[in-house]
Amino acid sequence: MKTANLILIILMVLCLLSFAIRYGRDVFLLGNMAAYPKEVRQALRMSGDNIIELEMVIANYSSFADSLKLKAFWFLLENMPGKYSIASSEADRFDKFFLEVQRFRKSEEFLKDKNHPKNLAYIHRMWSNVYAGLRGYSKDHFIVEPDLLHIKASFLIESIDYAFKAWELPWCRHLNFQEFCEYILPYRLRDERLESWRKEIFERHRSLIDSLVSLHIIDPISVAQVVHKKIGSDWMYSDWIGGYPIALTADNLWQAKIGNCTQQTYFGVFVLRALGVPSCHEQIINYGNRSLGHDFVGVIGRNDEVIDLDFGDTLGGVIDYKIWEGYRVPKVYRDVFSNSEASLSQLEEPFFNLRKKDVTAKYVPVGRLELRPRSIPRGVKHIYLCVFDNSDWKPVDVSEIVDGSAVFLDVGAGVLYMPMYYGQQGLLPAYDPVILDSEKMVNTIDVKAEEINMVLKRKFFKRTIFNQISGMRGSFQGSNRVDFSEVVDLYTIDDSLELYPKYVDLDDMPSFRYIRYSFSGGLNGYLANFEAIGEFGEKLDGEIILDARLAGNETIKNVFDADVLSYAAIDIDRENFWYGLDLRSQVKLKGISFCPRTDKNDIWPGLRYELFYWNDKWNSLGIKLADTNELTFSSPMSGGLFLLRCLDEGQEERIFTYQNDSQIWW
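In terms of our numbering, the sequence shown opens at residue 333 and continues consecutively.
Put into structure tokens, the structure is as follows:
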């Protein structure tokens, strides 16, 4: 009995002691928190038992000499709420994949020809095997670990110390404290698992840092140019790895050096920040005239200059090149660590988080849109500015309704926008489509109730590369000598081509054993299809022959595979090349058929098309089967917004208006 009482007393004492230790610390800490910034106090209160780790960071930087580091920690801590890692029970399996890629990249097979398509194909097969295991994989496998509850003092202290080492480098010293906090200091980029990365990258490249310092370089953009060539040049672009279900860690990226533009950007920002180059993740959420968008690195130069960078690929001119390709940019957002967009705090849509800053005006011409929404349900507070992504309207900007109006600032020019609001059925129109033209003038779609006939030739705009291919030049030749020492010109391309097959009649020509396509390098060699037609209209088989300098170019076979979406790619300009067929015996030709590289977005005979017009929703104007490369549709309205869909194949479909008997693409 006495023993039992003694045990009970001991347990009570231990409970009281535990209570005193735990809550006594909290009382003590809360008493000393008065000197901390308000947001820091709030974050500490949210940290639960992990407050011990955060106290260790505070204690580490408690001396006067470390007061600026403590201030940097305050910045991280006050912006830590809402940041988290997404862990996964399957993470080890994926980590092994990146290690396997790293081993393969060091292999003799890879190193003897780094850029050979076989290497990427092999990695894709490896990834497919891993990704196949994701069947049945759901969000239940993900574990959300808030930083406030899980972050370790040792990780934070190392990250802060090495961020300050980077700040001391000559090309980084010009940053003020706030710039340093945004473009060097952050310990994470998205929701990747937390792991040490800054020290590893810094120490691995000490010799590079020392050489740059010895050259007295103080321009961060100059340093970025060296770093992205030296470290980023091994990056392999692949959309396949974009299917990875959680954000890659810096270690994953370093090991494999492969991924899509988002992963390429993260890799670049990790490396550049570790080496003292102020940088950030910039994002085009969605292009204004096609699906998808683009992620890239923004390198912050002196005097707030910013240079766009595809790490390891292009420094400067990334956006300019996208515009040259034919793409239009409605909005560019910068991921920042701090909660800079407090006005968006009530938005429910996840793509508008609190840590995106509008930087569109730094990259493209912009204008201002102000409109008064039509009758919308009571309680709607925000209007979303949307662009069409080939299938649906996608929000790229948002405005609060104030005094009945919505104002959108720094809107990219040359784009058609649809103002919309969120209702029970999703996005619904709040206004007519508006165009901010290239002169930054605002125009609405002028719809008239008058019937028109429209002759349609395409369902998607012709990108710049295809405009160039339309101007390709070359000659088709026949010969009975394998070296083509004697040739007869069968047909010369000397006029603009359409992007669909062209037939050339050769009834008056003699018989030939060899036929070829001869051209002067580059895009002139980008044929998708080349066929010899026998005298009875049959397609003739033959053996592929080619210029000896094209040996090893595996794309040449695409010209003869009957698939118009595959093509020959010739990288060398201004040199004469050829490829063709050995028909095995002299054959009388009825003709030849050829097709330049194509996107197959012209009207294609044998395919069904449906035309729609916009009147608060897409309304069908009927379905037609194409028998030529043009379709004629009647519309009960003119001046409207239209969309032509192919019902049988393809995904690229673009909205257009119809003016002066032509399709105007938006």
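Glycine included, C-beta positions come from ideal geometry on N, C-alpha and C.
None of these values were measured; they are calculated from a predicted model.
Query, Result
"From what residue to what residue does the alpha helix (DSSP H) around N799 run?", "T796 to S802"
"Should H548 be labelled buried (16 or more other beta-carbon atoms within 10 Å of its own) or exposed?", "exposed"
"If we ignore side chains and look at the alpha-carbon of each, how far apart do G912 and Y454 end up?", "30 Å"
"By the 10 Å Cβ neighbour count, where 16 or more other Cβ atoms means buried, how is K428 classified, buried or exposed?", "exposed"
"Beta-carbon separation of P322 and M773 under 8 Å?", "Nothing in the structure corresponds to residue 322, since the chain is present only between 333 and 998."
"With distance defined between alpha-carbon atoms, name the residue in V896, W503, Y716 and K531 nearest to S543.", "W503"
"Using a Cβ-Cβ cutoff of less than 7 Å, which residues in the same chain neighbour S966 once the five nearest sequence positions on both sides are dropped?", "E783 and N785"
"Are G620 and R666 closer than 8 Å when you measure CB to CB?", "no"
"Can the beta-carbon of G972 be found closer than 8 Å to that of W946?", "yes"
"In three-state DSSP terms, what is C513?", "helix"
"Taking only the alpha-carbon atoms, compute the straight-line gap between R435 and W529 and give it to the nearest angstrom.", "20 Å"
"I need the straight-line Cα distance from I304 to Y753, nearest angstrom please.", "Past the edges of the chain, shown from 333 to 998, lies residue 304, and the structure says nothing about it."
"Would L957 be called buried (16 or more neighbouring beta carbons within 10 Å of its own) or exposed?", "exposed"
"Quick one: Cα of F381 to Cα of I578, how far?", "Sequence inspection shows Asp at residue 381; the Phe mentioned does not correspond to that position. Looking at the two C-alpha atoms, the distance is approximately 27 Å."
"Give me the residue from L386, F643 and L921 with the minimum Cα distance to L604.", "F643"
"What do you reckon, are the CB atoms on S850 and S807 nearer than 8 Å?", "yes"
"In terms of DSSP beta bridges, what is L488 paired with?", "According to DSSP, which records beta bridges pairwise, L488 is partnered with nothing at all."
"Start and end of the beta strand (DSSP E) containing R700?", "V698 to L703"
"With a CB to CB cut of under 6 Å and the five nearest residues on each side skipped, what residues in its chain are close to F720?", "I987"
"With respect to the beta strand (DSSP E) encompassing E942, which residues constitute its N-terminal and C-terminal limits?", "R940 to W946"
"Any idea if G414 is buried or exposed, counting beta-carbon neighbours within 10 angstroms, 16 or more meaning buried?", "exposed"
"Tell me whether R435 counts as near the ligand NAP, meaning its Cβ is closer than 7 Å to at least one heavy atom of that ligand.", "Looking for the ligand NAP in the displayed structure turns up nothing, as the structure carries no ligands at all."
"Among T964, P968, G465 and L975, which residue has its Cα nearest to the Cα of D993?", "T964"
"What does a CB cutoff of less than 6 Å around G746 pick up in its chain, not counting 5 residues either side in sequence?", "R660 and S770"
"Based on DSSP bridge pairs, tell me the residues matched to E441.", "E441 pairs with nothing; no bridge assigned."
"Going residue by residue through the segment 739 to 809, where are the continuous alpha helix (DSSP H) segments of at least 4 residues, counting only ones entirely within it?", "796 to 802"
"The beta strand (DSSP E) spanning L624 covers which residue range?", "That residue, L624, is in no beta strand (DSSP E); it is neither H nor E in DSSP."
"Count the other CB atoms within 10 Å of the CB of G884; is the residue buried (16 or more) or exposed (fewer)?", "exposed"
"Taking a contact to mean a Cβ-Cβ separation below 8 Å, would you say P928 touches I767 in this structure?", "no"
"Of all the options M412, R520 and W997, which has the alpha carbon lying nearest to the alpha carbon of Q374?", "M412"
"Distance check for N722 and R622, CA to CA, integer angstroms please.", "6 Å"
"So is P682 buried or exposed if we call it buried at 16+ other beta carbons inside 10 Å?", "Low local confidence applies: a pLDDT of 41 at P682 is under 50, so the model's placement there is unreliable, and no value is given."
"Using the rule of at least 16 other Cβ atoms within 10 Å of the residue's Cβ for burial, across every protein chain shown, is P937 buried or exposed?", "exposed"
"Could you pull the start and end residues of the beta strand (DSSP E) that K713 belongs to?", "Here K713 belongs to no beta strand (DSSP E), and DSSP marks it neither H nor E."
"If you compare alpha carbons, which of R704, D729 and D826 is closest to K663?", "D729"
"Check R536 in the structure and name its three-state DSSP category.", "helix"
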